[in-house]
Amino acid sequence: MNIHALRESTYNGLWKQNTGLAQLLGLCPILAISTNLVNAVSLGLATVLVMALVNFVIASLRRFIPYEIRIPVFVLIIAALVTVVDLAFNAFFHDLYLMLGIFIPLIVTNCIVLARVEAYAVKNKVIDSTVDGLMMGLGLVWVLALLGGLREFFGTGTLFAGIEMIFPKLSALHILGEDYPGFLLAVLPPGAFFALGAMIAAYNAINARAARKP
Amino acid sequence: MNTDTEARALEAARPPEPPSATRGALRASGILAAYALVFTALMSFAHQMTLPRILASIQETRMRLIDEVLPRTTYDNELLDDGVSVTGAAVSRVWRARLGNKPAALVFETSAPDGYGGRIELVVALNIDGSVSGARVTAHHETPGLGDYIDPKKDGDKKTPWITQFTGVQTATLTPAQWTTSKDGGVFAYRAGATISARAVTRAIGAALSWAGAHREALFAAPADARLDAEGNWQP
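Chains as they are written, first to last, in our numbering: chain V, 1 to 214; chain G, 1001 to 1236.
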């Protein structure tokens, strides 16, 4: 993989074709799980792992997947790899697994995974494809982190609530104090739509400003 | 964006038609079956590798919950190895806590089917003297910030979380009709704005305690891993 392709993959994944802000794919987990930072980043990282693995495996096998049955084979491979990630979460981050619940297996149905396979991994080299999956996933992670962080901060006045599920020695930061009454709207699903809407508006504004400059 | 060019590129990459449709279909299904076999083997391998760890995590999580409703000092047996399952009654699994081989307390799983967001899973402990040792919500889908005070981790009142009002209640002093919120003529508190969650939890705890109390002797007499029916009769 050359530097140019790496830069393009990075720019596409993190900004230009960002899953959360530009392609608006996989909104169900984005909105449902982003009630706090730890949940959001954890699901984001699980998605990164799945996307990198899936793109790696499918790019490696791409010569052995007949065109006519490529979609069933893709779905089969994605489902199997998600199951492996699901089992790994269950075994090593059990509390987090209980918290994320159905959303780890639901990565199977996240159309961004199948979309990257069909649009990229099936016709590109193994390393390029893996990097593409990684970058697309990381684009989702930073959007999820920002969304989860904003909702948690305004909703409950904390950050990193639940971090002890991953690092037992750490604990949540009570930024706005223990007595913060909470802002319910931010935690409820409508708050997710408002926050994501604001983020998309900011994203478009930045792009528009960049386009105006010569 | 460039889906047209992508589609055309895919079209161009398409291999020539196989000689006969039947042969093509057979070849494709053979390949699909091979993929299914390989990836099922991968899943099976991952399952085998993670199973012991997952079972240990489940036990650990369960033990941590039980510790919240029943202090370890009140019993000395291997609690999780001394369980029975119940079908058709208000409780589903029961563990018998014994101190020096004498019955000390019952810990049981129950659930409220009528929460605002669906089923609410609970674990409750009943001391042998008829008092409630504690109750906890283990899984729920109540509205964040409204009904989720039934879970002490989400309860805004950190000093006396709502669920702790059940601790120490003497079951013999209450009639079944009193096992609901004060709004419905019961004796238990609820929080304004989210009555349904509190009502569901309170009634479920009441029903489970009443069944467990009534079948206490059968529950302690049954051998470990026995299955009990709603009348308390057991088969090994």
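Glycine included, each C-beta is placed from N, C-alpha and C at the ideal position. Keep in mind it's a predicted model, so treat the numbers as computed, not measured.
*Would DSSP call lysine 1158 of chain G helix, strand or coil?*
coil
*Please state whether DSSP places serine 1111 of chain G in a helix, a strand or coil.*
strand
*Anything in chain G within Cβ reach of glycine 182 of chain V, meaning under 9 angstroms, just list it in chain order.*
Chain G residues near glycine 182 of chain V: Gly1145 and Gly1156.
_Is isoleucine 1054 of chain G close to chain V? Criterion is C-beta to C-beta, closer than 8 angstroms._
yes
*When the Cα of alanine 41 of chain V is compared with those of V:Ile77, V:Ala161 and V:Val187, which residue comes out closest?*
The sequence shown places valine at residue 41 of chain V, rather than the alanine named in the question. Considering only alpha carbons, the answer is V:Ala161.
*Output, in sequence order along the chain, the residues in the region 1032-1050 of chain G whose CB is closer than 7 angstroms to any CB in chain V.*
Leu1032, Tyr1035, Ala1036, Phe1039, Leu1042, Met1043, Ala1046, His1047 and Thr1050
_What does the alpha-carbon distance come out to for the pair isoleucine 3 of chain V and alanine 172 of chain V?_
39 angstroms
*asked:* Just to make sure I have the definition right: I need the residues of chain V whose C-beta is within less than 7 angstroms of the C-beta of serine 1197 of chain G. Which are they?
replied: What serine 1197 of chain G touches in chain V: nothing, since even the nearest Cβ is about 15 angstroms away.
*Is any beta-carbon of chain G found at less than 8 angstroms from that of leucine 87 of chain V?*
yes
*Ordered along the chain, which non-local residues of its own chain (more than five positions away) have a Cβ less than 8 angstroms from that of leucine 147 of chain V?*
Gly20, Ile30, Ser34, Ala40, Ala192, Ala195, Leu196 and Met199
*Just tell me which of V:Tyr67, V:Pro189 and V:Leu138 has its CA closest to the CA of glycine 1024 of chain G.*
Checking every option, the nearest Cα to that of glycine 1024 of chain G belongs to V:Tyr67.
*Which value, in whole angstroms, describes the spacing of the CA atoms of threonine 158 of chain V and histidine 174 of chain V?*
4 angstroms
_I need the DSSP call for tryptophan 1211 of chain G, collapsed to helix, strand or coil._
helix
*With a floor of 4 residues, list each alpha helix (DSSP H) that falls wholly inside the region 69-128 of chain V, ordered by position along the chain.*
Counting only runs of 4 or more, we get 70-92, 94-100 and 111-119.
*Under 8 angstroms, do valine 73 of chain V and leucine 1032 of chain G count as touching if we go by C-beta distance?*
In this structure, valine 73 of chain V places its C-beta atom within 8 angstroms of the C-beta atom of leucine 1032 of chain G.
*Any heavy atom of the ligand GDP closer than 7 angstroms to the Cβ of glycine 177 of chain V?*
For the structure depicted, the ligand GDP is absent and the ligand set is empty, with no information on it obtainable.
*Give the secondary structure of isoleucine 1066 of chain G by DSSP, where H, G and I count as helix, E and B as strand, and everything else as coil.*
helix
*How should glutamate 152 of chain V be labelled, buried or exposed, when 16 other C-beta atoms within 10 angstroms of its C-beta is the threshold for buried?*
buried
_Less than 7 angstroms between C-beta atoms, sequence neighbours within five positions excluded: which residues of the same chain meet that for alanine 79 of chain V?_
Val108
*Quick one: what's valine 1124 of chain G bridged to in DSSP?*
DSSP, once it has assigned bridges, lists G:Phe1108 and G:Ala1135 as partnering valine 1124 of chain G.
_Can you tell me where the alpha helix (DSSP H) holding glycine 1083 of chain G begins and where it ends?_
First-last for glycine 1083 of chain G: 1083-1086, but that is the beta strand (DSSP E), not the alpha helix (DSSP H).
_Looking at chain G, is there any beta carbon in it that lies within less than 8 angstroms of the beta carbon of histidine 94 of chain V?_
yes
*Residues of the region 60-73 of chain V with Cβ closer than 9 angstroms to any Cβ of chain G, in chain order*: Leu61, Phe64, Ile65, Pro66, Tyr67, Glu68, Ile69, Pro72 and Val73
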